[in-house]
Every structure is written in C-alpha cells, then in structure tokens.
Amino acid sequence: MKAGVKLPDVTFHTRVRDEAVGGPNPFRWEDKTTADYFAGKRVILFSLPGAFTPTCSTYQLPGFEKGFEEFQAQGIDVIYCMSVNDSFVMNKWAEAQGLQNVQVIPNGSGEFTRKMGMLVAKDNLGFGARSWRYAAIINDGVIEAWFEEPGLADNHPEDPYGVSSPENVQKYLQDAKAEVAA
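Using the working numbering, the letters of the sequence shown map in sequence onto residues 527 to 708.
Here is the structure:
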C-alpha cells in the first residue's frame, strides 16, 4: 500500500540517559529527526496503540526483541518501536521490557503517526489519539514493505493483530530473500 513512500520529516522529542545530569532521573532532552533514525539504514518500524498494553507488551514487542538476530541475518540494521506516548512512558516501558535490541521512538504529539495516515481515535478505550497497529520495512527513509492491520478506523471495537507481527514480517523477509536467490 505505502511501498515507495518517503517517510515524513518530523522532530521527535526524546529523553536520553546522561549520567552528568545526576540524581534519580539522569536524562536530558534530545531532539531527533526522521533522518536521525532512518537515513542510511534498513530498519523495521512497528507502531502500536500504547506502551504497557497487553498485546503490545506480551506479543509484538517481545517478538521483535527475541527475533532481532534473525532480522539482522535478513539485512535489517535496527528495529524501532513507536507509539503515541511521550518519551518518559516509552523509556519506562523499554526498561520494564528489558530491551537490549529494539529501540523505542516516542511520538507523544502523534505528528509522525498523523502524517503517516495512521492516527486514530481510541476514545472508546479512554486512550484518545493513538496509532493504528502497523509495521514497515524502511530502507534509507523510504518504505520498502508495509504491514497494516485490517479495519483502520476510529474507535474500532477490536485491536487486530497478526499482519504486523514479527513472525509475518520475518516470513516476508525470508520469502523475498528466497525469491532473489531463485
């Protein structure tokens, strides 16, 4: 659907660990751009409705984390997890999940998600504006492959999961590699 589309230019407001700050919360603000995250790299970006939510915390994020080496073997440099949550929430979620491989991108304002056409209302769950669940393989800032859950809509009564799963993205990469080899 979105293959060949260049990612929107956005500035993400992040918090990065800096021991020079001291105290119990040694983080400082650091703005990063779309180019900082995606330029010159082949990455997987997956976006989900919310940090600490059941499907995201039990299946999607852990699956990408555990499969990192397999994804690297398929030519992936970095895996990013994005959510319409602020940097404080995303950093705490990454810590709670014990992430070593997947990096989180906070999209607290939802600007990137909106420009991707994936911002939906989740008022029916008390969330407000959030991302529809999707994954993408991105090569140097351009979408190579797109994996969007069916039913994109405001206040969808369900949270579909499968198309954007790590297993499905890995299958796509394996099939593409086999096709090239044939």
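The C-beta atom is built at its ideal place from N, Cα and C for all residues, glycine as well.
Spatial distance of residue i from residue j (CA atoms)
i      : j      : result
Ala561 : Ile631 : 13 Å
Asn617 : Met608 : 11 Å
Trp672 : Phe564 : 16 Å
Trp555 : Ser613 : 9 Å
Ser635 : Thr540 : 12 Å
Ala702 : Val604 : 18 Å
Val547 : Asp557 : 17 Å
Under 9 Å between C-beta atoms of residue i and residue j
i      : j      : result
Arg659 : Pro686 : yes
Asn681 : Asn650 : yes
Leu533 : Ile669 : yes
Ala661 : Val628 : no
Val536 : Ile664 : no
Val615 : Ala647 : no
Met642 : Lys528 : yes
Gln696 : Gln626 : no
Run of the beta strand (DSSP E) containing residue i, from where it starts to where it stops
i      : result
Gln598 : It is not in any beta strand (DSSP E) - Gln598 instead sits in the alpha helix (DSSP H) that spans Phe594 to Ala599.
Val668 : Val668 to Glu674
Cβ-based neighbour list, residue i, same chain, cut-off 8 Å, excluding 5 preceding and 5 following
i      : result
Gln519 : This structure cannot settle anything about residue 519, because the visible part of the chain is limited to 527 through 708.
Tyr585 : Tyr687 and Ser691
Boundaries of the alpha helix (DSSP H) in which residue i is found, first to last residue
i      : result
Gln696 : Pro692 to Ala707
Own chain, CB closer than 6 Å to residue i, minus 5 neighbours either side, in chain order
i      : result
Ala620 : Val630
Assumed close pair residue i, residue j - CB separation to whole angstroms, cut-off 8 Å
i      : j      : result
Phe553 : Asp544 : 6 Å
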